[in-house]
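**Q** This is the structure I have questions about; it appears just below.
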Ligand SMILES: Nc1nc2c(ncn2[C@@H]2O[C@H](COP(=O)(O)OP(=O)(O)OP(=O)(O)O)[C@@H](O)[C@H]2O)c(=O)[nH]1
Ligand SMILES: [Mg+2]
């Protein structure tokens, strides 16, 4: 690797919120002369983040794709959002990249935020480097402290490749530990080679030795050489660096400042020399030795005019516009430069392009002429599970049908969103990762589809039951002109155990109520049960129909249904009704320094701790298992993130219904009655 034979390569910029990925993309494009003028986030004129949502918020809200050529090599860069709430695109982009560059702040206190992405890259063995950004603001920061803090968040060893040179309270340049050359940063041009400052020599020797020792863990020849006090040649060192990156064994760490193009040429060169190419990545993704062309969709956009665009990495062969893949026709191939597109006649292995109007095709899908997914290709990772929901309604009634269609498109673009029609409360729930994620989704509905949507906190699926058994008689009798109405029932209403649901027992003997009317009584009873005396669906109740009367002419299905409902509406309030609230089983996962904080959060939310354990596969993390009322789970993620540097998370499922009494229950019932009165 490391020369023009690598073919088109692809790098993904990933890492925590606001660490400078989009700015670094701009710098990569500027330094490589793909753009002549440098945009900034502040001015809102970068190649990345072109959507109105991203510009307005000065944050990335979805993937941006752009390309450049450096020293004759073609590259595509995938710039991904860093917000912990908008994570899907970073994961999906990293999957298809040859190398992921984890851009982080030069601040040890912010290192932890990189944990989820390190974990993802480690789990999928995606080669990655670290770029410690904003070095221009890090005059007082020890780079070793940053690296040490990052090491705690990564399974793979981090190896510092550059050392800052400090002068007059500023970082003025760097020493490259592989080549042992020093450079002074120059604004707007390449860094200038200088002598290694005497003051830095001792540190440099030590840092270089540390680097070599880390590499030696993966190479016996190097280990022997070091043990015998031999220094390998620079050529050999570069070879070790390249092979350990490709195998995702070692994570090289670079430093710089995207905003000032500092260290960016060095990064371009490191990528050029050390990044694996599409052939290696195709192997990693299970596309080795394929006899037909293949591409894989890693992002779907719905464009207002161009329609659906499936962004793919081509893994093998060539694909021409008009080709049929998986039974769908490719209608247009374009390369992407931010929101600008350029038409192409074909795309070849290694390239990242968008295929037009393949309506049946989804993110993660492998596209081949035969339509077969090679058995060696692993399943695409599951979408990130939702954590937070709003209940939504179209502000204009006539938009309701359009709304679900538009949301389906949003979900295709971002599978970490989910739509659910709640069976309990009948609300339309939009699920996502948090408030910002959902707010961005609603803004997108507006900017792309001109849909205005109102949102509110989802209702809790309260139920009610009873605690006492009661006998109830009810008679429905009407005399209206000719035909009258008559139905008369005796029922016993009694509580059942939790989870038993509803039971109807027919104990009528001797034809007191004719057979054909008995199902109508049951229907009437069930109708009432949808909203009991407290205003909620009634559960865990048995109703035994044991007697009644009928009238030869006036009795009817209608009359007995009404009598059944009357028996319930008169009887149930006397049965000591009680509110039931849904309790969820929640598994909260955090770095273990926050485990005590979780205990506080849980007890503040009427939760009950069931136990805790190390989180499987996550170094230094705990999972705390709790039972918690649904009403408290709603915004749990917000408090959890605020207490855990953003990275705490949980999963949850309904567990059981539990009696709720006292003030909280009174409030629930009152607000239900207030709603009903409206
Ligand atoms: N001082 C300094 N500021 C920087 C540097 N790089 C980025 N910034 C600033 O950091 C802020 C965030 O930059 P972005 O490029 O949007 O960061 P990002 O990682 O793309 O953000 P998200 O995609 O939302 O996670 C902006 O105000 C940038 O101007 C840098 O090298 N030095
Ligand atoms: Mg960004």
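Numbering (this note's numbering), first residue to last: 15 to 692. Glycine included, every Cβ here is placed at the ideal spot set by N, Cα and C. Just so we're clear, the structure is a prediction, and the values are computed from it rather than from any experiment.
Between the alpha carbons of residue 236 and residue 141, how many angstroms are there, rounded?
**A** Your numbering for residue 236 matches position 222 in the chain shown. Your numbering for residue 141 matches position 127 in the chain shown. Their backbone Cα atoms lie some 21 Å apart in a straight line.
**Q** Can you tell me which of the three DSSP states residue 287 falls into?
**A** In the chain shown, counting from the first residue as 1, residue 287 sits at position 273. Three-state result, residue 287: helix.
**Q** Kindly indicate which residue of 228, 370 and 73 has the alpha-carbon position closest to the one of residue 323.
**A** By 1-based counting over the chain shown, the position of residue 323 is 309. Minimum Cα distance to residue 323 is reached at 370.
**Q** Would you kindly work out how many angstroms separate the C-alpha atoms of residue 147 and residue 96, rounded to a whole number?
**A** The sequence position of residue 147 within the chain shown is 133, counting from 1. The sequence position of residue 96 within the chain shown is 82, counting from 1. Cα-Cα distance, rounded: 14 Å.
**Q** Using DSSP bridges, identify the partner residues of residue 492.
**A** Here residue 492 refers to the residue found at position 478 when the chain shown is read from its first residue. In the DSSP output, where bridge partners are listed per residue, residue 492 has 499.
**Q** Check whether the Cβ of residue 324 lies closer than 6 Å to any heavy atom of ligand 2, and answer yes or no.
**A** Stepping through the chain shown from its first residue, residue 324 is reached at position 310. Checking every heavy atom of ligand 2 against the Cβ of residue 324, none is found closer than 6 Å.
**Q** Can you give the beta carbon distance from residue 117 to residue 35, rounded, assuming they're within the 8 Å contact cut?
**A** Locating residue 117 in the chain shown gives position 103, counting from the first residue. Locating residue 35 in the chain shown gives position 21, counting from the first residue. That pair is a contact at about 5 Å.
**Q** Would you call the stretch 528 to 546 and the stretch 466 to 473 touching, i.e. three or more CB-CB distances under 8 Å?
**A** No, the stretch 528 to 546 does not touch the stretch 466 to 473.
**Q** Assign residue 464 to one of two classes, buried (16 or more other C-beta atoms within 10 Å of its C-beta) or exposed (fewer than that).
**A** Indexing the chain shown from 1 puts residue 464 at position 450. Answer is exposed; the Cβ neighbour count stays below 16.
**Q** Straight-line CA distance for residue 628 to residue 585?
**A** Here residue 628 corresponds to residue number 614 of the chain shown, with the count starting at 1. Here residue 585 corresponds to residue number 571 of the chain shown, with the count starting at 1. Distance between the alpha carbons of residue 628 and residue 585 is about 51 Å.
**Q** Excluding the 5 residues flanking residue 16 on each side, which residues of the same chain have their C-beta closer than 6 Å to its C-beta?
**A** Within the chain shown, residue 16 is the residue found at index 2, counting from 1. Model confidence at residue 16 stands at a pLDDT of 42, short of 50, so the residue's coordinates are unreliable; what they give is reported in the following sentence. Here the set comprises 287.
**Q** Let's see if you can read the secondary structure: which residues bound the alpha helix (DSSP H) around residue 237?
**A** Taking the chain shown and counting its residues from 1, the one referred to as residue 237 is at position 223. Unbroken alpha helix (DSSP H) run through residue 237: 234 to 241.
**Q** Taking Cβ positions, are residue 70 and residue 92 nearer each other than 7 Å?
**A** Taking the first residue of the chain shown as 1, we reach residue 70 at position 56. Taking the first residue of the chain shown as 1, we reach residue 92 at position 78. In this structure, residue 92 does not lie closer than 7 Å to residue 70 by Cβ.
**Q** Given this structure, state the Cα-to-Cα distance separating residue 345 from residue 459, to the nearest angstrom.
**A** One-based indexing of the chain shown puts residue 345 at position 331. One-based indexing of the chain shown puts residue 459 at position 445. Looking at the two C-alpha atoms, the distance is approximately 25 Å.
**Q** Please determine if the stretch 294 to 314 and the stretch 348 to 358 are in contact, where contact requires at least 3 C-beta pairs separated by less than 8 Å.
**A** In short, these stretches do not touch, since the Cβ pair count stays below three.
**Q** Give me the DSSP bridge partner(s) of residue 89.
**A** Counting from one through the chain shown, the residue named residue 89 turns up at place 75. Its beta-bridge partners are 23 and 82.
**Q** State the start and end residues of the unbroken alpha helix (DSSP H) segment that holds residue 533.
**A** Along the chain shown, read from residue 1 onward, the residue named residue 533 stands at position 519. First-last of the alpha helix (DSSP H) with residue 533: 532 to 543.
**Q** Once the 5 residues before and after residue 605 are set aside, which same chain residues still bring their CB inside 6 Å of it?
**A** Sequence index remark: in the chain shown, residue 605 carries index 591 (1-based). Cβ neighbours of residue 605 beyond the five flanking positions: 634 and 635.
**Q** Suppose the cutoff is 7 Å on Cβ atoms and the five residues either side in sequence are ignored; what does the same chain contact list for residue 79 look like?
**A** Mapped onto the chain shown, residue 79 falls at position 65. Cβ within range, chain order: 90, 92, 325, 350 and 366.
**Q** According to the Cβ coordinates, are residue 136 and residue 170 closer than 7 Å?
**A** Taking the chain shown and counting its residues from 1, the one referred to as residue 136 is at position 122. Taking the chain shown and counting its residues from 1, the one referred to as residue 170 is at position 156. Yes, Cβ-Cβ distance for residue 136 and residue 170 is below 7 Å.
**Q** For ligand 1, any of its heavy atoms closer than 6 Å to the Cβ of residue 126?
**A** Against the chain shown, residue 126 aligns to sequence position 112. No.
**Q** Apply the 10 Å Cβ neighbour rule to residue 60 and answer buried if 16 or more other Cβ atoms are within range, or exposed otherwise.
**A** In the chain shown, residue 60 corresponds to position 46, counting from 1. So residue 60 ends up on the buried side.
**Q** Measuring straight from C-alpha to C-alpha, what distance separates residue 130 and residue 277?
**A** Looking up residue 130 in the chain shown gives position 116. Looking up residue 277 in the chain shown gives position 263. Their backbone Cα atoms lie some 26 Å apart in a straight line.
**Q** Can you tell me the Cβ-Cβ gap for residue 694 and residue 499, rounded? I've got them flagged as a contact below 8 Å.
**A** The shown model of the chain, from 15 to 692, leaves out residue 694, and the question about it has no answer.
**Q** Should residue 35 be listed as close to ligand 2, given that the test is whether its C-beta is under 6 Å from any heavy atom?
**A** Translated into positions along the chain shown, residue 35 becomes position 21. Indeed, a heavy atom of ligand 2 lies less than 6 Å from the Cβ.
**Q** So, with DSSP's three-state summary, where would you put residue 412?
**A** Mapped onto the chain shown, residue 412 falls at position 398. Looking at residue 412 - three-state DSSP - the assignment turns out to be helix.
**Q** Confirm the yes/no value for this check: CB of residue 168, any heavy atom of ligand 2, distance under 6 Å.
**A** Residue numbering aside, residue 168 sits at position 154 when the chain shown is read from its first letter. No.
**Q** Assuming residue 14 contacts residue 112 under a Cβ cut-off of 8 Å, what Cβ separation, rounded to an integer in Å, is found between them?
**A** Because the chain here runs from 15 to 692, residue 14 falls outside it and cannot be looked at.
**Q** How would you label residue 612, buried or exposed, when you count the other beta carbons within 10 angstroms and need 16 or more for buried?
**A** As a position in the chain shown, residue 612 is number 598, starting the count at 1. The residue is buried, with at least 16 neighbouring Cβ atoms inside 10 Å.
**Q** Tell me which same chain residues have a C-beta within less than 7 Å of the C-beta of residue 52, skipping the five on either side of it?
**A** Indexing the chain shown from 1 puts residue 52 at position 38. Once the five neighbours on either side are set aside, the close Cβ partners of residue 52 are 40 and 44.
**Q** Quick check on residue 683: does DSSP put it in helix, strand or coil?
**A** The residue labelled residue 683 in the question sits at position 669 within the chain shown. Correct three-state label for residue 683: helix.
**Q** Would you list, in sequence order, the uninterrupted beta strand (DSSP E) runs of no fewer than 3 residues that lie entirely inside the stretch 568 to 637?
**A** Listed in chain order, the complete beta strand (DSSP E) runs (minimum 3 residues) inside the stretch 568 to 637 are 591 to 605 and 622 to 628.
**Q** DSSP state of residue 252, grouped into three classes?
**A** Here residue 252 is taken as the residue at index 238 of the chain shown, counted from 1. In this structure, residue 252 counts as helix in the three-state DSSP scheme.
**Q** Going by beta-carbon coordinates alone, are residue 385 and residue 331 separated by less than 7 Å?
**A** Stepping through the chain shown from its first residue, residue 385 is reached at position 371. Stepping through the chain shown from its first residue, residue 331 is reached at position 317. No.
**Q** Using a Cβ distance threshold of 8 Å, determine whether the stretch 398 to 408 contacts the stretch 371 to 384, with at least three qualifying pairs required.
**A** No, the stretch 398 to 408 does not touch the stretch 371 to 384.
**Q** Whole angstroms are fine: how far does the CA of residue 439 sit from the CA of residue 2?
**A** In the structure displayed, the chain extends from 15 to 692; residue 2 sits before or after that span and is not available.
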